[in-house]
Amino acid sequence: MFKNFKINSKLLLMVALPLLGLIYFTIDNTLNKLIVVEQMNSLQKLSELAIKSSALIHELQKERGISAGFIGSLGLKFSPELKNQRIKTDYSVSILKDFIEILILNDKEIQNILQSSLKKLKKIGTKRFLINKLEISVEDELDYYTDIVDSLLANINHLSKIITNGKLSHNAMAYFNLLQAKEKAGIERGTLNNAFSKGHFDPVIYKKFVLLVGAQDIYTKNFFFFATEKQQQFYQKIINYESTNKVEQIREMAFKRASKSQ
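With the numbering used here applied, the sequence shown corresponds to residues 561 to 822, in that order.
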């Protein structure tokens with residue numbers, strides 16, 4: 561084939577092939593940069609979503625715990641606290657909803673998760689009414705709030721799936737596991753609130769309490785696996801020896817009460 565080529569054609573071909581290669585790699589490099597920029601823009605949006613979701617999760621966790629105490633005391637305790645907390649929760653809901661309205665995402669999975677979260681949040685008024693009337697069990701109350709929180713946590717967990725950068729992915733996983741540990745601690749607080757308000761543990765709630773203590777330990781260990789040394793030190797600084805000791809004392813008290821009632 562090449563024998564039939566004239567010298568000029570051969571020279572042109574010799575020059576053209578490297579040029580085509582250079583053009584290819586230039587385009588490929590540009591496309592890769594565009595993909596990285598697109599990923600970073602998407603990551604920024606998802607990071608903002610994670611922050612706003614985390615803020616709402618925090619308020620829902622508090623409302624769940626106070627509601628459990630209110631039910632356990634048969635409405636005799638925590639009424640003012642519950643009223644104030646619901647205002648804080650509603651504010652965080654409105655912040656998240658406003659952000660979602662202007663959020664443009666191509667990721668269908670996260671769109672479905674968000675829609676699921678919003679659908680569950682629509683039922684909060686009905687659940688609050690049942691709590692006020694003491695027409696809902698603490699198990700159902702805990703399950704409802706936990707279901708919403710799990711849905712919001714799924715948004716945050718999705719971050720680690722789409723991040724291609726290893727370091728960022730590890731940071732996202734550390735953050736997710738820390739949030740999961742905090743979530744289990746929040747449910748534990750709800751079970752303890754209910755038990756101390758009633759003066760005893762119901763068998764179902766006690767079983768949930770025991771499982772939660774174990775789950776927190778697992779998620780905390782996972783956090784330390786993915787976290788950097790600096791993040792681990794920051795965690796240790798916040799969760800100091802004194803606060804950990806108090807948690808263990810409260811748990812020990814709960815275990816003793818449970819063993820006496822059985």
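For glycine and all other residues, C-beta sits at the position ideal for the given N, C-alpha and C.
- Counting only residues of its own chain and dropping the five nearest sequence neighbours on each side, Glu-641 has a CB closer than 7 Å to the CB of Ile-626.
- Only residues of its own chain outside the window of five on either side were considered, and among them Phe-638, Leu-642 have a CB closer than 6 Å to the CB of Phe-630, listed in chain order.
- Counted as a single uninterrupted DSSP element, the stretch harbouring Glu-695 is not any alpha helix (DSSP H), since DSSP gives it neither H nor E.
- In the displayed model, Gly-759 falls within coil according to three-state DSSP, outside both helix and strand.
- Counted as a single uninterrupted DSSP element, the alpha helix (DSSP H) harbouring Asn-644 occupies residues 639–662.
- In this structure, Ile-765 sits near Ala-755, with a CB-CB distance shorter than 8 Å.
- For Asn-672, the enclosing alpha helix (DSSP H) stretches over residues 668–681.
- With a contact defined as Cβ atoms closer than 8 Å, Val-709 and Leu-620 qualify at about 6 Å.
- Three or more Cβ pairs closer than 8 Å define a contact, and the segment 689–703 falls short of that threshold against the segment 652–667.
- For the 8 Å CB-CB criterion, Leu-713 and Glu-748 do not form a contact.
- For Ile-798, the enclosing alpha helix (DSSP H) starts and ends at 789–798.
- The alpha-carbon of Leu-656 is positioned some 19 Å away from that of Tyr-704.
- By the neighbour-count definition (other C-beta atoms within 10 Å, threshold 16), Ile-617 is a buried residue.
- For Leu-713, the three-state secondary structure derived from DSSP is helix.
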